[in-house]
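S.K.: Before I ask anything, let me first share the structure, which is written out below as structure tokens.
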């Protein structure tokens, strides 16, 4: 969209026996610094687990690392495990960016 702003959407569907869930979400990535090997990003987003929860999210990214926080806010009648309060989640991820170049091959014109 702009040099400092990206908008994204995501979705997830899982099915295991009698249980399934669908999560739809989206958000924005604000690029605080675009310097090579020093990229800094602020991620702000939200998701909804259909018929169950609203999930606001915030994260900070730095050079392949991303750490953040989300909170499941219950919107359903499910209270057995959460007492109707939802729950916090913390995460830390790393995306490896250094790829080995593919080996050059010559194509035989006969085949």
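Numbering (the working numbering), first residue to last: -2 to 108.
For every residue, glycine included, the Cβ atom is placed at its ideal position computed from N, Cα and C.
Who are residue 107's beta bridge partners in DSSP?
M.R.: Here residue 107 refers to the residue found at position 110 of the chain shown. Residue 107 is not bridged to any residue.
S.K.: Given a threshold of 16 other Cβ atoms within 10 Å of its Cβ, counted over all protein chains shown, does residue 42 qualify as buried or as exposed?
M.R.: Position 45 of the chain shown holds residue 42. Buried, because 16 or more other Cβ atoms sit within 10 Å of the Cβ of residue 42.
S.K.: Based on the DSSP output, what are the partners of residue 59 in its beta bridges?
M.R.: Residue mapping note: residue 59 aligns to position 62 of the chain shown, counting from 1. Looking at the DSSP assignment, residue 59 forms a beta bridge with 37 and 62.
S.K.: Answer with buried or exposed for residue 73, where buried requires no fewer than 16 other C-beta atoms within 10 angstroms of its C-beta.
M.R.: Position 76 of the chain shown, counting from 1, holds the residue named residue 73. It counts as exposed.
S.K.: Going by Cα to Cα distance, which pick from 103, 25, 48 and 46 is closest to residue 58?
M.R.: Residue 58 sits at position 61 when you count from the first residue of the chain shown. Comparing Cα-Cα distances from residue 58 to each of 103, 25, 48 and 46, the minimum goes to 25.
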